[in-house]
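Protein chains: 2
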Amino acid sequence: MQLGRRASALARKELGRRFFASRPSLASQHPTGDSRGDQRRLFELAAGAGALLFAVGGAAAYARRSRPSRCEEAVAAGTKTDNLQLAHRFHDSTSPSHVSLPIPTLPPPPSSTVTLVTADGPPSPKAGEWIKGLPEYSKEQVAEHKTADKRIWVSYKDGVYDITGFIDKHPGGARRISLAAGGSIEPFWAMYQQHNKPEILEMLEEYRIGNYLRPADSPSVDDLRTTADDPYRNEPSRHPALNVVSERPFNAETPVALLADHFITPNEVFFVRNHLPVPTLEGDGYEVQISGLGFQGPLNLSLNDLKTKFQKHTVTTTIQCAGNRRHAFNQVKSVKGLNWGNGAIGTAEWSGASLRDVLSYCGVYDERARLLKAKHVQFEGWDEDLSGCPYGASIPLEKAISEHGDVILAYEMNGQPLPRDHGFPLRVIIPGVVGARQVKWLRKVIISEEESQSFWQQNDYRVFSPSVDWDRVDWRKAPAIQEYPVQSAVCDPMDGSIVPPDQEDVTVKGYAWSGGGRAIIRVDVTIDGGVTWHEANLRCRDKRCHLRTDSSYEDASKAASEPAGDEEDDDEDDEVLAQEASDFTTRPVDKAWAWALWEAHIPVPQELRGRELEICCRAVDASYNVQPESVSAIWNLRGCLCNAWDRVKVKCTTATAEAVAAAAAVGVPAAA
Amino acid sequence: MQLGRRASALARKELGRRFFASRPSLASQHPTGDSRGDQRRLFELAAGAGALLFAVGGAAAYARRSRPSRCEEAVAAGTKTDNLQLAHRFHDSTSPSHVSLPIPTLPPPPSSTVTLVTADGPPSPKAGEWIKGLPEYSKEQVAEHKTADKRIWVSYKDGVYDITGFIDKHPGGARRISLAAGGSIEPFWAMYQQHNKPEILEMLEEYRIGNYLRPADSPSVDDLRTTADDPYRNEPSRHPALNVVSERPFNAETPVALLADHFITPNEVFFVRNHLPVPTLEGDGYEVQISGLGFQGPLNLSLNDLKTKFQKHTVTTTIQCAGNRRHAFNQVKSVKGLNWGNGAIGTAEWSGASLRDVLSYCGVYDERARLLKAKHVQFEGWDEDLSGCPYGASIPLEKAISEHGDVILAYEMNGQPLPRDHGFPLRVIIPGVVGARQVKWLRKVIISEEESQSFWQQNDYRVFSPSVDWDRVDWRKAPAIQEYPVQSAVCDPMDGSIVPPDQEDVTVKGYAWSGGGRAIIRVDVTIDGGVTWHEANLRCRDKRCHLRTDSSYEDASKAASEPAGDEEDDDEDDEVLAQEASDFTTRPVDKAWAWALWEAHIPVPQELRGRELEICCRAVDASYNVQPESVSAIWNLRGCLCNAWDRVKVKCTTATAEAVAAAAAVGVPAAA
């Protein structure tokens, strides 16, 4: 089985090489970007022998650009209204609330657009092109086809496809392809770049059933439902693959199935945790104010100052929301907070100025800080509540000024300007610390004797005993969460997956991470309730994730952000990485800011075949802290820091491949 | 109940004050010390209004000085033999092995000695004085009386007492006094200084039944059983209260019942973890050699250099053996290693030169270390195995040279020169790190790119998954233990204690500690299997435990090492400390090198009264790491880092107070 996997991966890799070698860069074929900033920004990623293009903010956006949207038509017609008003031109202002709001079916696109693509009829249409005469389907109509009994449809550019018969032929497994059921397949192809091959595009076209009537390319879906005084009127567009946990403020997680496939989480599917509306900010003229103990008056540094006066540093860190995995607490007893699954975590490369450098430039360094009795650095964002109170947090000053803290004021995420949802134009990145302190849309940095007095620092993000309830909680009696405890989760198979009863082994994948830079030194997986523990192979890149300067950037960057497609195909590298990760004669175990991805191949003993399996994982960090066994023992009223052993159940059935595929399509995918 | 406790404590305190105010210093009454070093060293501790004398190395040693031993007589007679030969003069060299060796009953002491004390007959003998005409009992005879059915005897100086009738009148509870059953009560009185009052000494004398024939005051008990080529021939004397886990090498733990009573563990009962025989070293002329990367040749620094060329620093740290609580692993499945209970942990004030200062003096500092690719600091001790291979270990260089590492080369423990068992004359103290790296009898410090290649660094003190057995262990696959994970244990009540079925509440005490300076932020206790968790009050002294210099020493020392008696009596201070410890608006949570002691008063619900209670504790540290639930889940072949929830069972009986006392005397003490 191992050999088979390897051979298949090598074959895919070889196909990829041939493709890249023969294929001209796609960049020149692409319509030039407009001024909408990060929503539609395009970038090239060096990949193998060729250059490959894909869209940030969802490949869907790229696809949509192939014909003008109705909004753009309005703009082109000289209408000088803002986005909001534009949106209202197309919609009844009495529209019901968001969740149930149907996006109206638009008339077919004007013929001028269509002729752009299909000028000469359909002799050999390119994949995704509009084909005259085919039935036309709206987004809503596609969305109705998510299960085998109703047929499984997807869209790609201007095409609609019925892929029911293809589900269980998908080389990446039924599970992954099923994530796209009823929607666009493009976001996934942007992540799994091996799809960008002519033979795959040709094959897709075999399943073509119609043309896709995409909704207007409005500024954002949210904009369709806003009013002029709606604080959420200027939310950015989001990638459709994100699992939305709350709309306002916007919070969404990465589909867990994707997490363990990518050491670097792509910007467009990186989990979003917003406490307030996203502020609308410009990079030009943007300033951050630094003040507090030791300052005569506030000092303003422009974004340009940060970019030009200070060396650019890059650090690869994992950020995890304090509420990640909260759903498990809710299964024990209801808690207050967003019902996050396992996807409120991600890893990115962040670039910017070192906060240590900036503070040193301002005269805040170790000895002086002691004299000033400065103990904390507070951060304030531009995101505000209705009373004008900004989001705020603080960290110990020592973390900020230590040579080993690696804190940066970041203006780039994975080589791109920060997306709006991630703090454009500036946020603070604090490796090893909970997400809640890594303030986005950074407005102020304040050196102080006390912690931030913000609600989020003082009366939130603290953990209490299971016996403390809302009637008697005293927030002072627990410290503000800073370093995260050790964490891990299973990403694959998903809970409720199906394996055939005669399957000899099961492959389990997931992530693991710990706070404070403590490396993950071991991940154990069991399928028999802990009688036998199997050590997973780790894939970590500690050495390449440390803070590094521009000069060292290129090499490290190459190593840490190999394009997803290559990364996934490269089994050989995985083996080397796994070997490196488990050789502690050379592996450092500190300053491990980024997660370890892991994979275990576990034989299913005869006596367990045909039975339901409970797969359970747990990680150990460099201080030999381990995860607690049960969720109930660490239940806390705010539902933070759920780091108990993660458990998923997989079913064994004698179902046919079709039935498995059908189940997969409704979210019960087959285990790898 | 609380009020009662408080009133009684205040009464005891007042009595103590009156005693100290009226009592002249005992120091002048004491025979001057001899040259035998730390075994019989005497010191004064400032306490309350008076000065109080007690013996280090066991108050028993002090007591023994009141009449010359047979060894000393031999020395006085001009016999120029060494200790070993002396010992052999009194013993048949064919003596059986240690455990069963009876120490011979000696003839009554010569009259010249007796008359020293009892010249004028017995009108009003002082407590513990020899009384002519009383029966004489040997150590072995006293030791036979440890249980109520055989009567409970103790010795004090030259007296033997039957305290069976007093056990359950003991204000400190039957449990504590029962620790002395069958042996000397003096070591305990040295720790609980409230006993040094005339009324208590008078009361003791009411239970007098005989005179105590103490064994010869030989250099050490071990010396009686050695030969000239025995590497263990020069072991130091040890305090009889230590629970011996192995004789050779000597390993012994502090009786758990004492641990939670003292923030600072007294030197004489501090747990001892020796891997090899104790080397015999002199402070005069002692040198430590510093070498490695960046050194042209080795640099020798004398003990005097360390004391005079570098500022003296003091740090209060907890040291814990990696094997602490290993007995719990053995209950699941046998592991290799000493069968430690919960007492292989202790807290002391260590003073010496900062390793950072010393290395900086040698030119080893941050930038230079990077240039040299120096990553570790290795330590070698003077303790050697039979092949001449010394004990060795290493830590990351960053810990050693960081301003926040607080590593010191210590020559004092709790204000005294290091005891021989704790590394005399020099050891390294590494706050927040496992005991195994804190090399004693320090001979060499080596700056290196690699970790120590010693057996103990490479093939020991690493933790594996429960599924790894001795056949397939690959030591490289786990990192050397450095920082300890979060830990806690119940000290009181002890496992198997008895509570009356109508007891309304139970007081539980224990310790908690975590590695890396991560403060203990919460300890939860349950008596109903985790349905209800009770937060314990913490007693910690984080602020006063940080590294401090001589200039700041006096204040901090006063605060951190209040004499045991005062500390115990001071309920008010406990309340203040508990309040401070749970107010995280002011409490720092980093660099918490010393443990938190804790206490919880838990109501016993009606439905649990009369039933066996399982008391269970668990701690949370500043990174919100928690202890794992079950021992079996973290079982590992070497039995290291047992930090699962600690569990003790207490029984409910309708037994009379006498029966409880009797049970207490055989190690089944009543719960407080």
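Sequence order for the protein chains is A and B.
First residue of the first sequence: 1, per full-length UniProt numbering; consecutive thereafter.
First residue of the second sequence: 1, per full-length UniProt numbering; consecutive thereafter.
Even for Gly, the Cβ is constructed at its ideal location relative to N, Cα and C.
Bear in mind that the values here come from a model prediction, so they are computed numbers and not experimental data.
Residues of the region 618-634 of chain B with a C-beta less than 9 angstroms from any C-beta of chain A: Arg618, Val620, Asp621, Ala622, Ser623, Tyr624, Asn625, Val626, Gln627, Pro628, Glu629, Ser630, Ser632, Ala633 and Ile634, listed in chain order.
In this structure Arg443 of chain A does not touch Trp513 of chain A by the C-beta definition: roughly 29 angstroms separates them, more than the 8 angstroms allowed. Per DSSP, Leu204 of chain A is not a residue of any beta strand (DSSP E); the alpha helix (DSSP H) it occupies stretches across Pro198 to Glu205. Within chain B, Gly516, Arg518 and Ser623 have C-beta atoms less than 9 angstroms from the C-beta of Gly516 of chain A, given in sequence order. Going by C-alpha positions, Tyr207 of chain A is about 15 angstroms away from Gly183 of chain A. With contacts defined as CB atoms closer than 9 angstroms, Leu418 of chain B and Lys399 of chain B fail to qualify as a contacting pair.
DSSP places Asn330 of chain A in the uninterrupted alpha helix (DSSP H) bounded by Arg326 to Val332. As a beta-bridge residue in DSSP terms, Met413 of chain B pairs with B:Trp350 and B:Gln416.
In the DSSP annotation of this structure, the continuous segment of the alpha helix (DSSP H) that includes Lys307 of chain B starts and ends at Leu303 to Thr308. Neighbours of Arg476 of chain A in chain B, taken as residues at a C-beta separation under 7 angstroms, are given in chain order as Asp583, Phe584 and Thr585. Using a Cβ-Cβ distance cut-off of 8 angstroms, the region 488-497 of chain A and the region 230-248 of chain A are not in contact, since fewer than three pairs of beta carbons, one from each stretch, lie closer than that value.
At a cut-off of 9 angstroms between beta-carbon atoms, Phe329 of chain B makes no contact with chain A. Taking C-alpha positions only, Pro466 of chain B is separated from Lys333 of chain B by approximately 10 angstroms.
Going by DSSP, Ser178 of chain B is part of the alpha helix (DSSP H) stretching over Ala174 to Ser178. Among the residues facing chain A, Pro231 of chain B is not included, as its CB has no counterpart in that chain under 9 angstroms away. Contacts with chain B at 9 angstroms (Cβ-Cβ) include Gln482 of chain A. In the DSSP secondary-structure assignment, Leu299 of chain B is bridged to B:Ile290. Note that the region 619-629 of chain A touches the region 621-641 of chain B; at least 3 beta-carbon pairs, one per stretch, sit closer than 8 angstroms.
Residues of chain A whose Cβ lies closer than 8 angstroms to the Cβ of Ile615 of chain B do not exist, since the nearest Cβ in that chain is about 16 angstroms away.
The beta carbon of Val468 of chain B is closer than 8 angstroms to those of Asn636 and Leu637 in its chain, skipping five residues each way along the sequence. The beta-carbon distance between Trp593 of chain B and Gly517 of chain B, rounded to whole angstroms, is 6 angstroms. This is short enough to meet the 8 angstroms contact definition.
Considering only A:Asn304, A:Lys309, A:Ile447 and A:Ala353, the residue with the shortest C-alpha distance to Arg370 of chain A is A:Ile447.
In this structure Trp470 of chain B is exposed. Its beta-carbon is surrounded by fewer than 16 other beta-carbon atoms within 10 angstroms.
In the structure shown, Pro431 of chain A falls within a coil segment according to DSSP collapsed to helix, strand and coil. Residues of the region 635-648 of chain B that bring their beta carbon within less than 7 angstroms of a beta carbon in chain A comprise Leu641, in sequence order.
At least one C-beta of chain A is nearer than 9 angstroms to the C-beta of Asp524 of chain B. Within the same chain, Trp350, Ser351, Gly352, Leu418, Gly423, Leu426, Arg427, Val428 and Ile429 come within 8 angstroms of Ala410 of chain A by CB-CB distance, once the 5 residues on both sides are set aside. For Asp502 of chain B, the number of other beta carbons within 10 angstroms of its own is below 16, and it is reported as exposed. Rounded to whole angstroms, Arg609 of chain B and Gly343 of chain B show a C-alpha spacing of 30 angstroms. With a minimum length of 4 residues, the unbroken runs of alpha helix (DSSP H) contained wholly in the region 425-481 of chain B fall at 455-458. Taking C-beta separations shorter than 7 angstroms and ignoring five residues to either side along the sequence, the partners of Cys640 of chain A in its chain run Ala322, Gly323, Tyr461, Val463 and Ile481, following chain order. The beta carbon of Gly337 of chain B sits no closer than 9 angstroms to any beta carbon of chain A. The beta carbon of Asn339 of chain A sits closer than 7 angstroms to the beta carbons of Val245, Arg326, His327 and Asn330 from its chain, once the five residues preceding and following it are set aside; these are given in chain order. With a contact defined as Cβ atoms closer than 8 angstroms, Val490 of chain B and Asp621 of chain B miss out at about 18 angstroms. Shown in chain order are the members of the region 447-469 of chain A whose Cβ falls below 9 angstroms from a Cβ of chain B: Glu450, Glu451, Gln458, Arg462, Val463, Phe464, Ser465, Pro466, Ser467 and Val468. When DSSP states are grouped into helix, strand and coil, Ile131 of chain A belongs to the coil group.
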